[in-house]
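Terminal number for the sequence shown in my numbering: 333, no gaps in between.
All remarks here apply to the structure that follows.
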Amino acid sequence: MSIPLSILDLAPIAPGQTARESFEGSVALAQAAERAGYRRVWYAEHHNMASIASSATSVLIGYVAAHTSSIRLGSGGVMLPNHSPLTIAEQFGTLETLFPRRIDLGLGRAPGSDQKTMRALRRDPMSAESFPQDVIELQGFLSGQSRIPGVQAVPRARGIVPLYILGSSLFGAQLAAKLGLPYAFASHFAPDALHEAVAAYRGGFRPSEQLAEPHVIAGVNVVASDDHDDAVEQAATTRRARVRGMISRGPATPDYSDAQIDEFLTTPNGRQLASMMTYSAVGTPSEVRDYLEDFARHSQADELIIAHISPELPGRLRSVELTAEAMAEVSV
């Protein structure tokens, strides 16, 4: 491909679907990505969200890894302040031992949840402040150079578990640059600071044992279809579903119709929510290819991580295939 493509999978639970069906869908998506030549599939840690099944991220990675053979799998990401560095080192050391040279560890500092859920996770509200130190502590456990005397992560894989810093602000960009780690920007839902963060990362990057030169991964939404109008309708359906979820306030929330959601999207608040999906490639394979090529250039991305956002699994699988085929056509 002209630029490496990867996938972000939230293991979505569609209305009327079970979590197990969602996991089977994640397996099918990863298998399709493996066949199509994608570099990796990542799963995001979210909690207390009825439509997302990827809360136990390391468990899901292991399940999908057992049903694939070569594609890299990892977290996009583990929200490190929710966990002790030792626990994550043990989990990912186990995964790398079981599936050598296939495991990535992307790290974020957001809670991946609301305030009540954060308390249920036993998270200290100030834990995000220690994120840089926790990343360094985790590095020590994974490399066998523990910074806590007398404490080692067991099992520790013989292979390397590469770390990635995830973010949507300058904080993550500056930390990734300082530590010499790859940086993944969440532009698929938080587009505003993309260019500033990438510039800060590239400008401040210091080579490390893991990485000699900066490596930027940028997130982008994609709906690729054989028919342009079908792709547009799929994207509209997903947009409505996301907005409906964002404005819902429990059981008392009205059952908003599509027409009401579309009307809300014309308001300032609605446009603000819709802007979260600013970076979206929607259309036929050639239209998606042109968009992704342009997005990669202006974002200065070395790799794109794609959220295939078709509302149903068959649409996502088709989008995976069409996007890979379209990008392969411009490979030199």
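Beta carbons: idealized from backbone N, C-alpha and C, even for Gly.
Inter-residue CB distance, residue i and residue j (contact presumed, cutoff 8 Å)
i	j	result
Leu-81	Ile-72	The Cβ separation is near 24 Å, so there is no contact.
Met-277	Phe-190	5 Å
Arg-124	Pro-112	6 Å
Arg-157	Gly-94	5 Å
Arg-36	Asp-105	At roughly 20 Å, the Cβ-Cβ gap does not stay under 8 Å, so Arg-36 and Asp-105 are not in contact.
Ile-307	Thr-324	7 Å
Gly-78	Leu-167	4 Å
Ala-154	Glu-91	5 Å
Lys-179	Arg-207	6 Å
Asp-259	Arg-241	6 Å
Asn-83	Leu-143	Not confirmed; about 18 Å, so no contact.
When the options are compared against residue i, the one with the closest alpha-carbon
i	options	result
Arg-290	Glu-313, Glu-322, Ala-33 and Phe-206	Glu-322
Leu-164	Lys-117, Gly-107 and Phe-186	Gly-107
Arg-317	Thr-268, Val-224, Val-65 and Asp-231	Val-224
Gln-32	Ser-3, Ala-54 and His-68	His-68
Gly-284	His-47, Arg-103 and Ala-232	Ala-232
Val-217	Gly-204, Leu-274, Ser-131 and Ala-57	Gly-204
Asn-222	Leu-266, Tyr-292 and Ser-287	Tyr-292
Arg-102	Asp-295, Ile-161 and Ser-85	Ile-161
Asp-230	Val-60, Ser-56 and Glu-288	Glu-288
Ser-249	Gly-17, Ala-34 and Met-50	Met-50
Gly-220	Gly-26, His-299, Arg-120 and Leu-139	His-299
Gln-140	Ala-302, Phe-265 and Glu-210	Glu-210
Thr-279	Ala-174, Asp-295, Arg-120 and Pro-192	Pro-192
Thr-239	Ala-34, Gly-26 and Ser-52	Ser-52
Gly-38	Ser-70, Ala-302, Ala-200 and Pro-255	Ser-70
The alpha helix (DSSP H) enclosing residue i, as first and last residue numbers
i	result
Tyr-280	Careful: Tyr-280 lies outside any alpha helix (DSSP H) and carries neither H nor E.
Ser-59	58-66
Ser-144	132-144
Tyr-39	First-last for Tyr-39: undefined, no H or E at that position.
Asp-10	Where Asp-10 is concerned, there is no enclosing alpha helix (DSSP H), although the beta strand (DSSP E) it sits in stretches over 6-10.
Cut-off 7 Å between Cβ atoms - residues of its own chain near residue i, not counting five sequence neighbours on either side
i	result
Ser-170	Ala-194 and Ala-198
Leu-212	Gly-181, Leu-182 and Pro-183
Tyr-64	Phe-24
Gln-235	Val-224, Ser-226, Ser-311, Pro-312 and Gly-316
Val-28	Val-65 and His-68
Tyr-257	Arg-245
Ala-297	Ile-4 and Leu-305
Gly-17	none
Run of the beta strand (DSSP E) containing residue i, from where it starts to where it stops
i	result
Gly-109	104-109
Ala-185	184-186
Tyr-257	Run containing Tyr-257: none; DSSP gives neither H nor E here.
Val-152	No beta strand (DSSP E) holds Val-152; DSSP gives it neither H nor E.
Met-127	Here Met-127 belongs to no beta strand (DSSP E), and DSSP marks it neither H nor E.
Arg-73	73-80
Ser-320	Ser-320 -> not in any beta strand (DSSP E); alpha helix (DSSP H) instead, spanning 314-329.
Asn-83	Segment: none, Asn-83 is in no beta strand (DSSP E) and carries neither H nor E.
Val-162	That residue, Val-162, is in no beta strand (DSSP E); it is neither H nor E in DSSP.
His-229	From DSSP, His-229 is part of no beta strand (DSSP E) but of the alpha helix (DSSP H) over 229-248.
Neighbourhood of residue i by C-beta, 6 Å cutoff - its chain only, sequence neighbours within 5 removed
i	result
Ser-23	Ala-12, Ile-14 and Ala-54
Val-244	Ile-262 and Leu-274
Ser-281	Asn-222
Ser-59	Gln-92
Gly-271	Phe-265
Ala-302	Val-217 and Ala-219
Beta-carbon proximity of residue i to residue j, cut-off 8 Å
i	j	result
Ser-226	Ser-320	yes
Pro-269	Ala-327	no
His-48	Thr-98	no
Ala-177	Tyr-202	yes
Arg-159	Ala-129	no
Pro-5	Glu-330	no
Pro-86	Asp-135	yes
Residues of its chain near residue i, where Cβ-Cβ distance is below 8 Å and the 5 sequence neighbours each way are ignored
i	result
Thr-267	none
Ile-62	Tyr-44, Leu-74, Gly-75, Ser-76, Leu-96 and Ile-104
Leu-30	Ile-8, Asp-10, Val-42, His-309, Leu-314, Arg-317, Leu-318 and Val-321
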